[in-house]
Amino acid sequence: MDVFYGAIQALFSVSLEVDEGEIVTLIGANGAGKSTLLKTISGLLKPRTGSIYFENEDLTKKSPIEIVKSGISHVPEGRRVFPEMTVIENLELGAYVRKDRSEVEKDLKIVFERFPRLYERRNQLAGTLSGGEQQMLAIGRALMSRPRLLLLDEPSMGLAPILVSEIFEIIKEINARGTTILLIEQNANMALSVANRAYVIETGRIVLSGTSQEVASNPDVKKAYLGG
1 MDVFYGAIQA LFSVSLEVDE GEIVTLIGAN GAGKSTLLKT ISGLLKPRTG SIYFENEDLT
61 KKSPIEIVKS GISHVPEGRR VFPEMTVIEN LELGAYVRKD RSEVEKDLKI VFERFPRLYE
121 RRNQLAGTLS GGEQQMLAIG RALMSRPRLL LLDEPSMGLA PILVSEIFEI IKEINARGTT
181 ILLIEQNANM ALSVANRAYV IETGRIVLSG TSQEVASNPD VKKAYLGG
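Residue numbering for the sequence shown follows UniProt numbering, starting at 1 and increasing by one per position.
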């Protein structure tokens, strides 16, 4: 697919697939088009050409709300929690497309079990949380819509190394429980260590794809992204 910002083309004939149950990672430098791709999948941008299919359903003409209802949730870069709302209000907002209140309450409990710190701070304003706690809240909020595909944009950005490890353990656990994940991550070593497959994007074009091992052992990738 091709995606434009006004007259400027951001993605060129991009094609990728994420199979059910996988973690797929997209690696590339800043400005390569990674976030643009996630925004297009979640309906915030529309492709000029091409289509996006999820479970045999064409998402291209759907609104962002319809896409959430279809089973896709997006954790944007920079977390984007609602700072003037409490932790619990942020989480409940993640379930706004759902009508099954009793199941929503169950999922709230599951999120609090997974993120005990959020439970401790459940009545605190989200803007007063640390960066790591806000990232947990953003992921928890996305999980409240019960997504089958989770789009994660730079989940470790700005976090201390110990928290990065914690966030990646959470990503593996979410995937092990059955959620498919498309992951964008500056920390390419970390991303490749948890992903099944990887794509490399440069200036809006996919230039390489393969299993995580294949991509990690590619000399150009080592040099550009893995500190080799």
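All residues carry an ideal CB built from backbone N, CA and C; glycine is no exception.
Predicted model only: the values in this text are computed from it and were never measured.
With burial defined as no fewer than 16 other Cβ atoms inside 10 Å of the residue's Cβ, what is the status of residue i: buried or exposed?
{"i": "residue 95", "result": "buried"}
{"i": "residue 197", "result": "buried"}
{"i": "residue 164", "result": "buried"}
{"i": "residue 175", "result": "buried"}
{"i": "residue 80", "result": "exposed"}
What is the C-beta distance between residue i and residue j, in whole angstroms, given that I count them as a contact (C-beta under 8 Å)?
{"i": "residue 43", "j": "residue 67", "result": "4 Å"}
{"i": "residue 215", "j": "residue 194", "result": "About 13 Å; that fails the 8 Å criterion."}
{"i": "residue 125", "j": "residue 86", "result": "6 Å"}
{"i": "residue 6", "j": "residue 204", "result": "That pair is no contact at about 15 Å."}
{"i": "residue 170", "j": "residue 139", "result": "7 Å"}
On the DSSP bridge list, what partners appear for residue i?
{"i": "residue 198", "result": "25 and 210"}
{"i": "residue 9", "result": "4"}
{"i": "residue 57", "result": "54"}
{"i": "residue 75", "result": "152"}
{"i": "residue 159", "result": "According to DSSP, residue 159 bridges with nothing at all."}
{"i": "residue 177", "result": "DSSP output for residue 177 lists no bridge partner at all."}
Going by alpha carbons, who is nearest to residue i out of the options?
{"i": "residue 145", "options": "15, 227 and 69", "result": "69"}
{"i": "residue 152", "options": "126, 133 and 186", "result": "186"}
{"i": "residue 112", "options": "172, 176 and 90", "result": "90"}
{"i": "residue 155", "options": "166, 47 and 209", "result": "166"}
{"i": "residue 20", "options": "53, 75 and 160", "result": "53"}
{"i": "residue 137", "options": "33, 114 and 148", "result": "114"}
{"i": "residue 108", "options": "177, 143, 37 and 61", "result": "143"}
{"i": "residue 159", "options": "129, 28 and 1", "result": "129"}
{"i": "residue 150", "options": "31, 37 and 75", "result": "75"}
{"i": "residue 56", "options": "103, 48 and 18", "result": "18"}
{"i": "residue 182", "options": "50, 51, 11 and 73", "result": "73"}
{"i": "residue 77", "options": "28, 135, 110 and 59", "result": "135"}
Does residue i come within less than 8 Å of chain D when only Cβ atoms are used?
{"i": "residue 133", "result": "The structure shown contains no chain D; it is built from a single protein chain."}
ask   = Would you say the segment 23-30 touches the segment 114-131, given that touching needs at least three Cβ pairs under 8 Å?
value = no
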